[in-house]
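Following: one structure in structure tokens, then a few remarks.
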Amino acid sequence: MFSACMNTTALEEAGLKYLTDFLSLYGGWPMTSTDWSEKNFDWQFTVADGRKTLGSAYLLSVWVFADQKDTDTTALYTDQTSLGLPRSVLINPSNYEERINAYKTYMAETASIMAKHLGQSVSSEDIQLDVNAVFDFEMLLANITTPDEDRRDIDRMYNPMTVAELSDLTPNTSINWQQLLSNMFAVTGNPIESTTRVIVQEVEYMKRMAILIDTTNQRTLANYLMWRHVKALGDETNQEMRDASFKYAMVANGVTAAEPRWKVCADKTNDFLGIALGTKYVETYFSQQAKDEANEMVEDIRSAFKDLLDVNDWMDEATKPLAMEKANAISKFIAYPDWYGNATALEHFYDDLGDVHTDRHFSNVLTLR
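This is the structure we're talking about:
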């Protein structure tokens with residue numbers, strides 16, 4: 001992973017081939033082509049496959065997690081979309097003109113770079129028209145989301161229902177919830193049925209999102225989804241794309257210098273293969289004696305607490321056994337898992353990793369995300 005990321009010669013030789021090949025799976029990026037056809041674009045497939053491949057949350061977020069009100073079971077959750085810009089920027093554009101202009105320039109520049117790579121003669125004027133339409137759509141999307149300060153009520157955001165009932169929330173729209181969710185989780189082998197339970201966190205968003213999609217032309221929708229892919233993956237290609245990204249970051253984040261390549265690659269390797277790196281770090285820098293001493297200290301604290309429980313006179317006799325049970329049930333998370341250093345356990349942890357290559361950085365990123 002690290003060596004492929006550091007191999008900038010291979011990245012330059014590959015150029016944008018792997019990125020454009022990836023986008024072609026969804027019909028391509030309209031603003032980079034003169035012959036794009038909406039017949040090759042299916043927004044539901046694009047969203048579902050993006051969720052599977054990149055873990056993306058474009059148009060909506062979907063995940064599996066412990067049921068908030070029954071933590072012994074897991075549940076399927078849906079929530080509002082992620083955005084390419086902070087919500088505050090998109091709903092108050094007049095307050096953030098510099099950042100918005102930088103965002104649009106970033107989109108237009110990457111589209112121009114990719115059109116050139118594809119040998120397409122797309123005018124800058126046409127690209128700018130598409131960029132403006134994408135930004136207008138993202139503003140509409142942001143305006144139907146709920147701000148963070150109104151998302152603190154767990155009960156409001158806990159709306160369990162079946163997939164069939166979710167479908168009833170969006171009648172007379174093109175969205176097919178059962179098919180969309182089935183495509184997202186096809187690799188798990190767990191079928192999504194009309195009776196499958198789903199917890200909808202933002203009911204009104206789902207209703208309004210379905211209507212917004214149906215009232216947006218397919219070209220704009222495709223441009224938006226492809227742009228989100230490019231924004232997520234552009235830095236994994238060549239220097240020209242990274243330069244465009246950095247120019248935007250200077251305005252958006254106030255950075256003044258790009259991180260050295262080794263730091264970028266080290267962080268990326270840690271993000272994707274942190275357990276493997278952690279194991280190596282422990283072998284090199286962390287003694288077993290230090291962990292044993294920390295474990296002993298925690299057990300001493302537990303023992304002292306239990307001794308205090310035995311002699312306290314303010315807790316009634318019915319509560320004491322429950323407090324003792326809780327003390328015994330406290331889990332220890334000290335330094336690193338006990339199985340670190342066990343090669344067999346490490347291999348088992350990465351059973352589903354897939355192929356990682358020493359010379360194909362882009363494919364490594366797709367494999368590991």
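Numbering of the sequence shown is given in full-length UniProt numbering, commencing with residue 1 and proceeding in unit increments.
Heads up, the beta-carbon is just placed ideally off N, CA and C, and yes, glycines get one too.
These figures come from a predicted structure and were not determined experimentally.
Subject >> Cβ neighbour criterion (16 or more within 10 Å) applied to Ser-56 >> reply: buried
Original post:
Using a Cβ-Cβ cut-off of 6 angstroms (strictly less than) and excluding sequence neighbours within five positions of Asn-223, which residues of its own chain qualify?
Top reply: Pro-30, Met-31, Asp-130, Val-134
Subject >> Inter-residue CB distance, Val-163 and Gln-178 (contact presumed, cutoff 8 angstroms) >> reply: That pair is a contact at about 5 angstroms.
**OP:** Output the distance between the C-alpha atoms of Tyr-248 and Ser-61, rounded to the nearest integer angstrom.
**Re:** 26 angstroms
Subject >> The beta strand (DSSP E) enclosing Ile-213, as first and last residue numbers >> reply: Premise fails: Ile-213 lies in the alpha helix (DSSP H), 203 to 214, not in any beta strand (DSSP E).
**OP:** Please work out which residues of its chain come closer than 7 angstroms, Cβ to Cβ, to Ile-144, disregarding the five sequence neighbours upstream and downstream, and give them in chain order.
**Re:** Excluding sequence neighbours, Ile-144 sits near Tyr-205, Arg-208, Met-209, Leu-212.
Subject >> For Leu-76: DSSP bridge partner residues >> reply: Per DSSP, Val-64, Val-198.
**OP:** Please state whether DSSP places Met-161 in a helix, a strand or coil.
**Re:** strand
Original post:
Does DSSP put Asp-267 in a helix, in a strand, or in coil?
Top reply: When secondary structure is reduced to three states using DSSP, Asp-267 falls in the helix class.
Subject >> Proximal residues to Phe-349 (C-beta, below 7 angstroms), its chain only, five neighbours per side dropped >> reply: Here Phe-349 has Ile-275 as same chain residues with Cβ atoms under 7 angstroms from its own Cβ, once five neighbours each way along the sequence are excluded.
**OP:** Along the alpha helix (DSSP H) that carries Thr-145, what are the first and last residues, could you check?
**Re:** It is not in any alpha helix (DSSP H) - Thr-145 carries neither H nor E in the DSSP assignment.
**OP:** Determine the contact status of Val-122 and Thr-34, defining contact as a CB-CB distance below 8 angstroms.
**Re:** Closer than 8 angstroms, so yes.
Original post:
What are the residues that DSSP puts in a beta bridge with Asp-70?
Top reply: In DSSP, Asp-70 forms a bridge with Asp-67.
Subject >> Cβ separation of Phe-272 and Met-1, assumed to be a contact under 8 angstroms, to the nearest whole Å >> reply: 6 angstroms
Subject >> Distance CB(Thr-78)-CB(Gln-201) smaller than 8 angstroms >> reply: yes
Subject >> Alpha carbon of Gln-218 to alpha carbon of Trp-43, nearest angstrom >> reply: Rounded to whole angstroms, Gln-218 and Trp-43 show a C-alpha spacing of 8 angstroms.
Original post:
Beta carbon of Gly-50, beta carbon of His-229: below 8 angstroms?
Top reply: For Gly-50 and His-229, yes; Cβs fall inside 8 angstroms.
Original post:
So, is Gln-80 buried or exposed, given that buried needs 16 or more other C-beta atoms within 10 angstroms?
Top reply: Residue environment analysis places Gln-80 among the buried positions, since at least 16 neighbouring C-beta atoms fall within 10 angstroms of its C-beta.
Original post:
Are the stretch 81 to 89 and the stretch 145 to 161 touching by the rule of at least three beta carbon pairs closer than 8 angstroms?
Top reply: yes
Original post:
Okay, do the stretch 175 to 191 and the stretch 98 to 107 touch, 3+ Cβ pairs below 8 angstroms being the bar?
Top reply: no
Original post:
When the Cα atoms are used, what is the spatial distance from Asn-7 to Asp-359?
Top reply: 7 angstroms
Subject >> Cα-Cα separation, residue 394 to Phe-246 >> reply: Residue 394 lies beyond the residue range present for the chain, which begins at 1 and ends at 369; the question has no answer from this structure.
Original post:
Can the beta-carbon of Leu-309 be found closer than 8 angstroms to that of Ala-323?
Top reply: In this structure, Leu-309 lies near Ala-323, with their beta-carbon atoms less than 8 angstroms apart.
Original post:
What first and last residue would you give for the alpha helix (DSSP H) that runs through Thr-105?
Top reply: 97 to 118
Original post:
If you compare alpha carbons, which of Leu-180, Val-47, Glu-125 is closest to Leu-23?
Top reply: Nearest C-alpha to Leu-23: Val-47.
Subject >> Coil, strand or helix - Ile-91 by DSSP >> reply: helix
Original post:
Which residues mark the beginning and the end of the alpha helix (DSSP H) in which Ala-244 is found?
Top reply: 239 to 252
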